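In our numbering, the protein residues as written are 0 to 373.
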């Protein structure tokens with residue numbers, strides 16, 4: 000395999016998706032806070048201590064970008080959406096339909112015009128992360144894609160507040176644009192927009208009974224909103240996306256090849272795309288060139304190591320799969336990660352923290368061999 004040197008800009012040759020398993024102490028603190036047994040200040044003290052511990056562990060492993068494990072939130076997406084102006088919380092009365100398990104029934108809805116919120120709680124959470132990350136390591140911030148407000152009835156109320164759907168999308172893109180710029184002002188140089196909408200669209204566009212015209216419009220609207228949110232951002236800010244197929248207690252939501260959404264993914268103006276490729280549900284590598292779209296500045300981060308189960312993949316198998324992809328995308332435009340985070344919700348996947356670190360160590364060790372990184 001032809002080797003290349005490492006890069007000093009994100010996404011890195013070995014990278015972390017975002018969420019990490021919540022420790023028992025943090026779960027207990029959340030329960031105690033809900034029961035009124037401790038104060039919010041006491042819960043935050045425990046949260047910060049655990050974030051410091053897992054940041055130190057990520058740095059010790061050798062990661063060039065680290066996250067707070069999403070320890071300040073319960074859901075990977077809803078906590079952020081609830082923090083936007085014009086978005087409220089309600090009981091959906093339905094569980095999200097994961098294969099083999101069910102979730103809590105929280106959801107988000109429009110309660111007014113959507114807008115940037117200067118007091119969004121994620122800003123304080125990032126500032127703490129930034130304060131404890133050592134020099135030479137990036138603090139990586141994850142938030143859900145704006146497309147996550149399209150889904151699961153979250154935008155049903157748009158016509159109460161807007162004269163047109165396009166006007167709503169314009170406000171949504173602007174809210175995200177301003178939010179990203181404020182993260183930048185706080186020192187963030189690496190942000191990732193997590194997105195299950197593309198996997199949802201894969202399922203719908205492959206369903207012969209679905210209204211394909213509706214879902215094709217969703218795909219086009221997603222491209223419009225995302226690229227508007229990303230327009231004219233600072234040149235030294237890296238923005239990536241993670242195309243997720245669902246991750247709840249080691250279960251999943253969606254299956255299917257990227258082929259039906261590849262033309263849309265190729266239009267997205269991200270610096271990198273994290274793609275799930277840990278099993279046959281993702282399909283093959285045939286469309287990677289469409290997703291990459293021959294953009295010399297874009298990197299595809301292949302999730303060839305599963306975060307759902309503890310068994311370690313073989314390094315030789317990972318290398319072989321990376322070699323297979325180079326017929327579509329140059330090795331210089333590829334990187335390696337787990338297929339997803341380890342705890343998209345606070346319940347977490349079915350493995351231990353030690354097994355989590357072993358998975359990340361496998362990613363790092365394999366990438367160092369492939370790209371000849373010291």
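Ideal Cβ placement from N, Cα and C applies to all residues, glycine included.
Quick caveat: nothing in here was measured; it's all calculated off a predicted structure.
Terminal residues of the beta strand (DSSP E) in which residue i lies
i, result
"residue 84", "84-90"
"residue 72", "Segment: none, residue 72 is in no beta strand (DSSP E) and carries neither H nor E."
"residue 219", "Segment 211-229 is the alpha helix (DSSP H) holding residue 219; no beta strand (DSSP E) there."
"residue 302", "298-304"
"residue 105", "105-114"
"residue 271", "271-275"
"residue 58", "Careful: residue 58 lies outside any beta strand (DSSP E), inside the alpha helix (DSSP H) at 39-60."
"residue 335", "333-337"
One or two residues paired with residue i in a DSSP bridge
i, result
"residue 175", "In the DSSP output, where bridge partners are listed per residue, residue 175 has none listed."
"residue 192", "142, 240"
"residue 64", "137"
"residue 13", "335"
Pick from the options that is closest to residue i, judged by C-alpha positions
i, options, result
"residue 357", "370, 313, 164", "313"
"residue 263", "354, 244, 287, 140", "287"
"residue 135", "366, 161, 188", "188"
"residue 267", "256, 277, 242", "242"
"residue 200", "179, 160, 259", "259"
"residue 214", "149, 233, 237, 328", "149"
"residue 293", "302, 333, 323", "333"
"residue 296", "316, 270, 275", "270"
"residue 172", "195, 74, 230, 161", "230"
"residue 20", "137, 355, 197", "355"
Nearest-angstrom Cβ-Cβ length linking residue i and residue j, presumed shorter than 8 Å
i, j, result
"residue 377", "residue 298", "Coverage of the chain is limited to positions 0 through 373, which leaves residue 377 absent and any answer about it impossible."
"residue 371", "residue 338", "Their Cβ separation, rounded to whole angstroms, is 24 Å, which puts residue 371 and residue 338 out of contact at 8 Å."
"residue 308", "residue 18", "16 Å between Cβ atoms; not a contact."
"residue 55", "residue 114", "Going by Cβ atoms, the distance from residue 55 to residue 114 rounds to 37 Å, so no, they are not a contact pair."
"residue 145", "residue 175", "5 Å"
"residue 336", "residue 284", "That pair is no contact at about 16 Å."
"residue 71", "residue 49", "Contact doesn't hold; Cβ gap of about 10 Å is too wide."
"residue 235", "residue 168", "In fact, because the Cβ distance is near 28 Å, the residues do not count as touching under 8 Å."
"residue 143", "residue 47", "Going by Cβ atoms, the distance from residue 143 to residue 47 rounds to 23 Å, so no, they are not a contact pair."
The alpha helix (DSSP H) enclosing residue i, as first and last residue numbers
i, result
"residue 146", "No alpha helix (DSSP H) contains residue 146, which DSSP labels as neither H nor E."
"residue 128", "120-131"
"residue 282", "Premise fails: residue 282 is in no alpha helix (DSSP H) and is neither H nor E."
"residue 136", "That residue, residue 136, is in no alpha helix (DSSP H); it is neither H nor E in DSSP."
"residue 342", "Here residue 342 belongs to no alpha helix (DSSP H), and DSSP marks it neither H nor E."
"residue 289", "287-291"
"residue 368", "352-369"
"residue 262", "261-264"
"residue 158", "157-160"
"residue 317", "314-324"
"residue 32", "23-33"
Task: Segment contact flag, the stretch 127-139 with the stretch 61-77, C-beta cutoff 8 Å, min 3 pairs - done: Because the criterion of three Cβ pairs below 8 Å is met, the stretch 127-139 and the stretch 61-77 touch.
Open item on the list: Across the stretch 359-373 and the stretch 26-36, are there enough close Cβ pairs to call them in contact, namely three or more that are closer than 8 Å?
Closed with: Segments in contact, no.
Open item on the list: Would the stretch 53-64 count as touching the stretch 81-93 if we require 3 or more Cβ pairs under 8 Å?
Closed with: The stretch 53-64 and the stretch 81-93 do not touch, with fewer than 3 CB-CB distances between them shorter than 8 Å.
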